[in-house]
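Since the structure comes first, as structure tokens, the remarks are kept for the end.
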Amino acid sequence: MGTPEFAVASLKALLDAGGHVVAVVTAPDKPAGRGMQIKKSPVKVFAESQGLTILQPEKLRSSAFIEQLKALTPDLNVVVAFRMLPEVVWSLPPLGSINLHGSLLPQYRGAAPINWAIINGESQTGVTTFRLSHQIDTGDILDSEIIDIPNQETAGELHNRMMPIGAALLVKTLKGLANGNLTPHPQSFESSQKHAPKIFSADCEIKWNQDSRNVYNLIRGLSPHPGAFTFVDGKKCKILLAEYDSSTLDGTPGSYVTDKKTFLKFACAKGSIQVLQLQMEGKKVMAVADFLRGYHFK
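Using this note's numbering, you'd call the opening residue of the sequence shown number 1 and step up by one each time.
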């Protein structure tokens, strides 16, 4: 059960390891892009290439979908980057359901663990396999693997690096369950644990009255999507790649200096941000030098 590109690596790894995938459950096709053409999920595209049975329920609680699942008689549901499952679905197979999560649980439960780990300046994260239960991302942990986060890495780069690591952990977990040598252990619940809620537009606006390191982490934690943004001449400007500097510019936080050729730098409350790559509203992603050559500041 999965939808985005992140889940494709796991599905491929299960097939390569000889897993008998009786069906793939993914999101329904939907219109996307400027032309609003019908688009298939990455998981569906891959599943079709492998000749797998594909289910695309609108509602996971529908009786028709539940009957389809029962007819497949699965031993186990494997869930990677999918919707929250109702109990009638996750408890259906004899071995229940397991999930691959992009953090070291119990830290960063939620929808956007990769983004928030970088936004918060973590030097490590990881992947975890666990059993699904009533509360989201709270079931017994089966296995995990630590992943270091380099100082310059963006969320997109970490996502791509995490895919094969998570897929390998998932296969290892399934083999452990089959062999009976995995011991699940319950998650702890502490007030100090960090969370990874869904990211909204308000989370993406850069607050320049912060330390430049915090702004830098927000930029790379939201790059390439959905993108941290500010405003230039009243127009929305996403900053996708940047460097931070401890030296503070003259001027109020959010003001900028530029030579209009290769250099664009924003003032923070402490330190500054030098832009390397940006995207103005309605325009393509551009290196800052290309942008400055063609842009006329008000």
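Here a beta-carbon is modelled for each residue, glycine too, at the ideal position from N, C-alpha and C.
Burial state of residue i (16 or more Cβ within 10 Å)
{"i": "P253", "result": "buried"}
{"i": "M163", "result": "buried"}
{"i": "R220", "result": "buried"}
{"i": "Q187", "result": "buried"}
{"i": "S49", "result": "exposed"}
{"i": "S212", "result": "buried"}
{"i": "P106", "result": "buried"}
{"i": "T230", "result": "buried"}
{"i": "G139", "result": "buried"}
{"i": "A178", "result": "exposed"}
{"i": "K30", "result": "exposed"}
{"i": "F309", "result": "The structure shown has nothing for residue 309, since the chain only spans 1 to 298."}
{"i": "F6", "result": "buried"}
9 Å Cβ cutoff met for residue i and residue j
{"i": "V80", "j": "G2", "result": "yes"}
{"i": "H101", "j": "D143", "result": "no"}
{"i": "I165", "j": "E145", "result": "yes"}
{"i": "I54", "j": "A47", "result": "yes"}
{"i": "I98", "j": "L174", "result": "yes"}
{"i": "H185", "j": "G110", "result": "no"}
{"i": "L104", "j": "T129", "result": "no"}
{"i": "V288", "j": "F266", "result": "no"}
{"i": "P93", "j": "N77", "result": "yes"}
{"i": "A167", "j": "S10", "result": "yes"}
{"i": "D203", "j": "F297", "result": "no"}
Presumed contact (8 Å Cβ cut-off) between residue i and residue j, rounded CB distance
{"i": "G227", "j": "K235", "result": "That pair is no contact at about 14 Å."}
{"i": "V285", "j": "L240", "result": "6 Å"}
{"i": "L132", "j": "G180", "result": "About 20 Å separates the two Cβ atoms, so there is no contact after all."}
{"i": "Y216", "j": "I147", "result": "Not really, about 20 Å apart at Cβ, beyond 8 Å."}
{"i": "L276", "j": "A242", "result": "6 Å"}
{"i": "S223", "j": "A112", "result": "13 Å between Cβ atoms; not a contact."}
9 Å Cβ cutoff, residue i in contact with chain D
{"i": "Q274", "result": "Given the protein chain composition of this structure (a single chain), no chain D is represented."}
Any chance the stretch 234-253 sits against the stretch 207-217, with 3 or more Cβ pairs inside 8 Å?
-> yes
Pairing CB atoms from the stretch 34-42 with CB atoms from the stretch 16-24, are three or more of them under 8 Å?
-> no
Complete runs of the beta strand (DSSP E) confined to the stretch 218-286 [at least 3 residues] | 228-232, 235-245, 256-258, 264-267 and 272-280
Assess, as a yes-or-no matter, whether the stretch 69-77 is touched by the stretch 150-162 under the definition of 3 or more beta carbon pairs within less than 8 Å.
-> no
Counting Cβ pairs closer than 8 Å, one from the stretch 116-124 and one from the stretch 148-155, do we hit at least three?
-> yes
Taking only runs that begin and end inside the stretch 6-68, name each unbroken alpha helix (DSSP H) of 4 or more residues, in chain order.
-> 42-49
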